[in-house]
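Colleague:
Chains as they are written, first to last, in my numbering: chain A, 248 to 493; chain B, 9 to 313.
1. Could you round the C-beta distance between residue 125 of chain B and residue 197 of chain B to whole angstroms and report it? I think they count as a contact, below 8 Å.
2. Going along chain A in order, which residues have a C-beta closer than 8 Å to the C-beta of residue 116 of chain B?
3. Below 8 Å on the Cβ atoms is my guess for residue 269 of chain A versus residue 296 of chain A; work out the distance and round it to an integer in Å.
4. Would you please verify whether the beta carbon of residue 285 of chain A is less than 8 Å from any beta carbon of chain B?
5. With distances taken between CB atoms, is the gap from residue 278 of chain B to residue 34 of chain B smaller than 8 Å?
6. Determine the DSSP secondary structure at residue 453 of chain A, reduced to helix, strand or coil.
7. Looking at the structure shown, is residue 174 of chain B part of a helix, part of a strand, or coil, going by DSSP?
8. I want to see whether chain A comes within less than 8 Å of residue 205 of chain B, judged by CB atoms only; does it?
9. At a CB distance below 9 Å, what residues from the stretch 387 to 400 of chain A approach chain B? Give them in sequence order.
10. Out of B:189, B:181, B:28 and B:267, point me to the one whose CA is closest to residue 97 of chain B's CA.
11. Taking C-beta to C-beta, are residue 333 of chain B and residue 145 of chain B nearer than 8 Å?
12. Which residues, taken in chain order from the stretch 353 to 381 of chain A, show a beta carbon closer than 8 Å to some beta carbon of chain B?
13. What are the start and end residues of each continuous alpha helix (DSSP H) run of 4 or more residues lying completely inside the stretch 231 to 301 of chain B, in chain order?
14. As a quick exercise: from B:49, B:205, B:200 and B:168, pick the residue whose alpha carbon is nearest that of residue 93 of chain B.
15. Could you tell me which whole beta strand (DSSP E) segments of length 3 or greater appear in the stretch 164 to 222 of chain B?
16. Using a Cβ cut-off of 8 Å (strictly closer), state whether residue 476 of chain A contacts chain B.
17. When you compare the CB positions of residue 436 of chain A and residue 275 of chain A, do they come within less than 8 Å of one another, or not?
18. Note down, in chain order, each residue of its chain lying with its Cβ closer than 7 Å to the Cβ of residue 391 of chain A, except the 5 sequence neighbours on either side.
19. Just the C-alpha distance for residue 481 of chain A and residue 373 of chain A, rounded to the nearest angstrom, thanks.
20. Report the rounded CA-to-CA distance for residue 245 of chain B versus residue 172 of chain B, giving the unit in angstroms.
21. Name, going along the chain, the residues of the stretch 291 to 302 of chain B whose beta-carbon falls closer than 7 Å to a beta-carbon of chain A.
22. Determine whether the Cβ of residue 304 of chain B lies closer than 8 Å to any Cβ atom of chain A.
23. What in chain A is Cβ-close to residue 309 of chain B, meaning under 7 Å?
24. Within 10 angstroms of the Cβ of residue 388 of chain A, are there 16 or more other Cβ atoms? Answer buried if so, exposed if not.
25. Quick check: what's the CA-CA separation for residue 264 of chain B versus residue 31 of chain B?
26. Alpha carbons only, please: which of B:235, B:27 and B:130 is nearest the one belonging to residue 9 of chain B?
27. Evaluate residue 226 of chain B with the Cβ neighbour count: other Cβ atoms within 10 Å of its Cβ, from every protein chain shown; 16 or more gives buried, anything less gives exposed.
28. Are the C-beta atoms of residue 299 of chain A and some chain B residue less than 8 Å apart?
29. Taking 8 Å as the CB-CB limit, is residue 316 of chain B close to chain A?
30. For residue 460 of chain A versus residue 51 of chain B, is the C-beta spacing smaller than 8 Å?
31. Using a Cβ cut-off of 8 Å (strictly closer), state whether residue 224 of chain B contacts chain A.
32. At a Cβ cut of 8 Å, what residues of the stretch 17 to 33 of chain B count as close to chain A, listed as they run along the chain?
33. For residue 12 of chain B, write down the residues that DSSP places opposite it in a beta bridge.
34. So, with DSSP's three-state summary, where would you put residue 410 of chain A?
35. In chain order, what residues of the same chain lie with their CB nearer than 6 Å to the CB of residue 434 of chain A, ignoring the 5 residues before and after it?
36. Can you check whether the C-beta of residue 460 of chain A is within less than 8 Å of a C-beta belonging to chain B?
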């Protein structure tokens, strides 16, 4: 990231907050391309406030229906037994704040704005088998745990850094961040009350060769299969020919 | 250097993938085996989703078999007629296997079934190889030779007989079709060529002469793994062409070195070594199945809204 450009942008933001807006925020990029050398990407979110305050950034990935399974031991082997489907689970979820969320906002406010994985509320899909409330809690917790382990959910309290009225934080998108439309919601809080907020879209898309291969595999699966076969046959033939001469 | 694989949807180190291809290729050149039964579990161990590992490996085996069959073809060691009968059974078996694979994936049991079939086959084959080679090593020390394998012709009693000139056989087509079907089923579920089942079945069950066995097996593997690649592409979109190409590049080079190296070691010692490798992979799979996982819960498939 070019520090000079950021400084210039921040200077502009600084003057614009003076002109009446409580919160101004922007990101270093609004789209991420997954190309063959993609290993994840950090995006810088920065902005300015009109005075001492707290900032909470909530990033949500595309929503999806998600199947979660629980293993049990059957004849000495661990196998998937119970499974439920949840609806509207964000594929990616990140919260950044300048200090512990519990100190910034009340539980009611955090629940309302889903600030923190614990406040995420995804319903059971209609076709999912009915389960007890305890199981429901257990399955929900398991989703959070699995997603955190895959680096797709995280909460980083203290990662929003202030310098006077300017703030910045970096949002980490791992290599396995799913494609789709993301929303980046920035909240400005003062005394536990939301004073201002800003919402920006962010998209993650496969690009270049990765895009071509993925699209072909899903849109023209028969053609893709035939191409895969032809490539393999040709390289096998080629290899045999090449090593025959040597 | 990391590369993002578009179907596996993960970023892997290119050199790790090439080294795996090279390593398994080396072993396959050394031992004259396909290598699918080692590559698929290895891919799973490095984090490739099992379904992608199976389908991609099937794609890679096409290349390995195509390159291997050419030499046998030139020497006239391919029984095309027998190969096509096996392919007929293999097409049905692998197509059925691909649909079974899709079904198992939907009910969340594909990973388990892949692991279990590998445990069973690797366990049995590894043990047999080890026993056989130890016996041979002991016998060769005593200075005696193994008798030629006794050939069964029980298939003479069945109907739909056909003459296979190259194999000097006049047998019913039912046994080869069944063998082809079974190996095709395994190819679709395990991502293997199935030579380790096919070759003993050809010798002991069908009574084919050993000279044409390897060439004919490779010949039919090309068609069956091509069919597996095609149906996995259609049913589950799990063939990662990019991953297959990299594995293939490593495997082709590794196989050449393996083949050159194989002259320096004695056959029975080689087989004992391969038996140990196979059993080690099998043991790792068993450990993963039997020990309590870190997290009992796992996320299955997701459907974007």
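Here a beta-carbon is modelled for each residue, glycine too, at the ideal position from N, C-alpha and C.
Modeller: Reading from the atomic positions:
1. Here residue 125 of chain B really is in contact with residue 197 of chain B; their C-beta atoms are around 6 Å apart, less than 8 Å.
2. Chain A residues near residue 116 of chain B: 314, 316, 327 and 330.
3. Rounded to the nearest angstrom, the Cβ distance from residue 269 of chain A to residue 296 of chain A is 7 Å, consistent with a contact under 8 Å.
4. Put simply, the CB of residue 285 of chain A is near chain B, with a gap under 8 Å to one of its CB atoms.
5. No, these two residues do not count as a Cβ contact at 8 Å.
6. Strand at residue 453 of chain A.
7. Residue 174 of chain B carries a coil assignment under DSSP once its states are collapsed to helix, strand and coil.
8. Chain A, which has no Cβ nearer than 8 Å to the Cβ of residue 205 of chain B, makes this no.
9. Listed in sequence order: 388, 389, 390, 392, 393, 394, 396 and 397.
10. Here the closest residue by C-alpha is B:189.
11. In the structure displayed, chain B extends from 9 to 313; residue 333 of chain B sits before or after that span and is not available.
12. Contact residues of the stretch 353 to 381 of chain A toward chain B are absent (C-beta to C-beta distance below 8 Å).
13. Every alpha helix (DSSP H) of 4 residues or more that sits fully in the stretch 231 to 301 of chain B is shown, in chain order, as 249 to 269 and 275 to 298.
14. A check of alpha carbon separations from residue 93 of chain B across B:49, B:205, B:200 and B:168 identifies B:168 as the nearest.
15. For secondary structure counted as the beta strand (DSSP E) over 3 or more consecutive residues, the stretch 164 to 222 of chain B holds these complete runs in sequence order: 169 to 172 and 177 to 180.
16. Under the Cβ distance rule, residue 476 of chain A counts among the residues neighbouring chain B, one pair being separated by less than 8 Å.
17. The answer is no: Cβ separation not under 8 Å.
18. Sequence-distant Cβ neighbours of residue 391 of chain A in its own chain, meaning closer than 7 Å and more than five residues away, are 364 and 400.
19. Residue 481 of chain A and residue 373 of chain A: Cα-Cα distance of roughly 48 Å.
20. Roughly 38 Å separates the two Cα atoms.
21. Correct list: 297, 298, 300 and 301.
22. For residue 304 of chain B, a Cβ of chain A is located within less than 8 Å of the residue's own Cβ.
23. Contact of residue 309 of chain B with chain A by beta-carbon distance below 7 Å involves 314.
24. Counting Cβ neighbours within 10 Å, residue 388 of chain A comes out exposed, since fewer than 16 surround it.
25. C-alpha separation (whole angstroms): 11 Å.
26. Measuring from the Cα of residue 9 of chain B, the nearest candidate turns out to be B:27.
27. So residue 226 of chain B ends up on the buried side.
28. For residue 299 of chain A, the answer is no, since every Cβ of chain B falls outside 8 Å of its Cβ.
29. What is shown of chain B runs 9 to 313, which leaves residue 316 of chain B out entirely.
30. Not a contact, by the Cβ cut-off of 8 Å.
31. Not a single C-beta of chain A is nearer than 8 Å to the C-beta of residue 224 of chain B.
32. Correct list: 17, 18 and 19.
33. BP columns for residue 12 of chain B point to B:19.
34. Here residue 410 of chain A sits in strand by DSSP.
35. The beta carbon of residue 434 of chain A sits closer than 6 Å to those of 303, 441 and 444, all from its chain and outside the five residues before and after it, given in chain order.
36. It does: the Cβ of residue 460 of chain A has a partner Cβ on chain B nearer than 8 Å.
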